[in-house]
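Input: a single structure, listed below in structure tokens.
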Amino acid sequence: MTKKPFDYEEFKKSFASRFKESKQLLGKDGALTPLIKEFLEEALVGELEAHIESGEDPNRKNGKLPKTLKTNFGQVEIQTPRDRNGTFEPEIVGKRQRTLGLDLDRQILALYARGNSLGDISDHIQELYGIEVSTATVSRVTDKILPLIQEWRSRPLESVYPFVWLDAIHYKVRHEGRVISRAVYCCLGLNQEGYKELLGLYIGENEGARFWLQVLTDLQNRGVEDIFIACMDNLTGFADALQSVYPNTEVQLCIVHQIRNSIKYLSYKDVKAFLKDLKLVYQASTKELAEKHLSQLEATWGSKYPKVIESWKKNWDRLSAFFKYNKQIRRIIYTTNIIEGFHRQLRAVTKSKGAFTSEDALMKLLFLAQENICAKWNRPVHNWNQTLAQLSIIFGERLKLNL
């Protein structure tokens, strides 16, 4: 039987008629959908005929089976031809293929990375493409990144990081029918080229020095041999845990955390005046001048707020570590603002979540979010060459550069 040749004028009339009736190009009732169906079915028949003609064994057509394809134009119902011998393997639409020209997995992961819920993603795909994707399917697609997360968590790290910031962020997770709090331990480093790098994310119970010890041991096992300066808050036992793994690492306690903790014990009417005097301490040009202002702070406020002053004096060695460096390095290490900025970006993605259904659900979203965030870390910190020159003088052979 001779096939009817393609008639362009007839095609235009047919398309115009369909579009006039449906008023839309895409979707189940779109004008393009029947044309896609017709094209695919004709192409499959052509593939089958070529297969039969090229085969050595006797073979023939053996009816058709219905198949639903998810495409950029919506769902398309097509009839796929079969052969008697069962040897036909179509290329344009494979036997087990259910999508065509539509990377649903990629789009689902992109939507999930922006904090959309499973239901929101399902609704979005339905609205955009006219395709029904269940929340269970969406969940299965996001589960595909779990092996990637494990691979990322165990990847080798560089041997030396001049600066590392350590802090935790907290989330609610459902566990055995109740909602509990989970701490996500974050390690952010600045490598020898001056680029920020997220070294790891770890989920544990409420933040504690014991778990931080496990985190630091993992960093060591993944190749981190030396850290020059670690910036952290004053969690009990935290600094000691770090120096048990990295005994040569200098600890810089976060000045901002210390200030916040101080404010908790101040009367509201004294906050402004106290902070004005305190600023003279941590903004001093030298450690000697800072200690002089700290003594003045004690003379002015010590009798009224002895615990606050005692805390500054007790932690002074680790609070004042930054004074031995130039202004550029001081700006980098005296607070944990760098990692807190990273946390704010995570919060922007997770803010719509009340409680995560599981730790895996939490980790999947954080992993995808950090990929988007870290992709923007494509430049070294400001004036890194000058900072590197200072580090080479201070830390000498500990700085292992690939020259």
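For any residue, its number in our numbering is found by taking its place in the sequence shown, counting from 1, and adding 347. Where a beta carbon is used, it is the ideal one built from N, C-alpha and C, also for glycine. Source: prediction; values computed, not measured.
- Remark: C-beta atoms of residue 571 and residue 539 do not approach each other more closely than 8 Å.
- Between the C-alpha atoms of residue 687 and residue 698 there is a straight-line separation of about 15 Å.
- In this structure residue 529 is buried. Its beta-carbon is surrounded by 16 or more other beta-carbon atoms within 10 angstroms.
- With respect to residue 391, residue 434 sits apart: the two C-beta atoms are not nearer than 8 Å.
- With contacts defined as CB atoms closer than 8 Å, residue 586 and residue 598 qualify as a contacting pair.
- Around residue 404, the same chain offers 432 as residues with beta carbons nearer than 7 Å, after the five sequence neighbours per side are excluded.
- With the rule of 3 Cβ pairs closer than 8 Å, the segment 631 to 640 does not count as touching the segment 602 to 622.
- For residue 514, the enclosing beta strand (DSSP E) starts and ends at 507 to 522.
- Residue 413 and residue 385 have their C-alpha atoms roughly 13 Å apart.
- Residue 409 places its beta carbon 8 Å or farther from that of residue 399.
- Non-local beta-carbon contacts of residue 495 in its own chain, meaning distances under 8 Å to residues more than five positions away in sequence, involve 714 in chain order.
- With respect to the C-alpha of residue 504, the residue from 545, 541, 472 and 526 having the closest C-alpha is 545.
- Bounds of the alpha helix (DSSP H) holding residue 591 are 585 to 592.
- It is roughly 18 Å from the alpha-carbon of residue 725 to the alpha-carbon of residue 534.
- Per DSSP, reduced to three states, the secondary structure at residue 554 is coil, with no helix or strand assignment.
- Here the alpha carbon of residue 554 sits roughly 48 Å from the alpha carbon of residue 416.
- Remark: C-beta atoms of residue 640 and residue 655 do not approach each other more closely than 8 Å.
- In this structure, the CA atom of residue 645 is about 20 Å from the CA atom of residue 601.
- Sequence-distant partners of residue 517 (beyond 5 residues in either direction) whose C-beta falls short of 6 Å from its own C-beta, in its chain, are 528 and 530.
- Residue range 573 to 579 is occupied by the beta strand (DSSP E) that includes residue 574.
- Collapsing the DSSP output to three states places residue 409 in a strand.
- In this structure, residue 512 places its C-beta atom within 8 Å of the C-beta atom of residue 685.
- Under the three-state reduction of DSSP output, residue 742 falls in the helix class.
- Cβ neighbours of residue 466 within its own chain (closer than 8 Å, five residues either side excluded): 482.
- If you look at residue 528, you'll find it in the beta strand (DSSP E) that goes 525 to 537.
- The segment 734 to 746 makes no contact with the segment 700 to 717, as fewer than three CB pairs between them are under 8 Å.
- By the C-beta density criterion, residue 493 is exposed, having fewer than 16 other C-beta atoms within 10 angstroms.
- A check of alpha carbon separations from residue 675 across 457, 581, 523 and 541 identifies 541 as the nearest.
- In this structure, the beta-carbon distance from residue 510 to residue 606 does not fall below 8 Å.
- The beta carbon of residue 584 lies closer than 7 Å to those of 556 in the same chain, with the five residues before and after it left out.
- Scanning its chain for C-beta atoms nearer than 8 Å, with the 5 sequence neighbours on each side dropped, one finds around residue 679 the residues 510, 537, 685, 728 and 734, in chain order.
- Every alpha helix (DSSP H) of 4 residues or more that sits fully in the segment 682 to 725 is shown, in chain order, as 684 to 697 and 706 to 721.
- Cβ contact annotation for residue 590 (same chain, cutoff 8 Å, sequence separation greater than five): 596 and 598, in chain order.
- Annotation: the continuous alpha helix (DSSP H) that includes residue 635 extends over 634 to 648.
- A residue is called buried when at least 16 other Cβ atoms come within 10 angstroms of its Cβ; residue 739 does not meet this threshold and is exposed.
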